[in-house]
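**Q** There's a structure below that I have some questions on.
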Amino acid sequence: MIGCVLSAARKKTSFQKKNKGRLMKIPVIDLGECIDCEACIELCPTVFRKNEAGYIETIELGEYPKQELDEIIMNCPGQCITWEEI
Ligand code: SF4
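Whatever position you read off the sequence shown (first residue = 1), add 36 for my numbering.
Following this line, the structure appears as structure tokens:
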């Protein structure tokens, strides 16, 4: 769980640098609840992928397809994807 928090914090910093202080929302995965079904990757491979450690992660993008992600969030079996404002 601590790893998830640290990973999210690192990701936030990276996103913030790329977006130069602009407020934006990113989909964040609570890996403690993720059941690793890979449905999010299958449905939206432009946003989600597996990292080198084998965990699902969000790909850094300038913006995210809100409608598509809202649907994935609603249907995530682990209920572990949320929007986070950065
Ligand atoms: S759909 Fe949800 S539970 Fe399945 S891998 Fe993605 S984040 Fe994890």
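Beta carbons are placed, not taken as given, at the ideal position from N, Cα and C, and that holds for glycine.
Can you determine whether any heavy atom of the ligand SF4 sits closer than 6 Å to the C-beta of GLU120, and answer yes or no?
**A** no
**Q** Looking only at its own chain, which residues have a Cβ that is under 6 Å from the Cβ of LYS61, when we skip the five neighbours before and after it?
**A** TRP119, GLU121
**Q** DSSP three-state label for GLU78, please.
**A** helix
**Q** Which class does GLU104 belong to by DSSP, given the choice of helix, strand or coil?
**A** Helix.
**Q** Considering only heavy atoms of the ligand SF4, list every residue whose Cβ is less than 6 Å from one of them, following chain order.
**A** ILE65, CYS70, ILE71, ASP72, CYS73, GLU74, ALA75, CYS76, ILE92, CYS112, PRO113, GLY114, CYS116, ILE117
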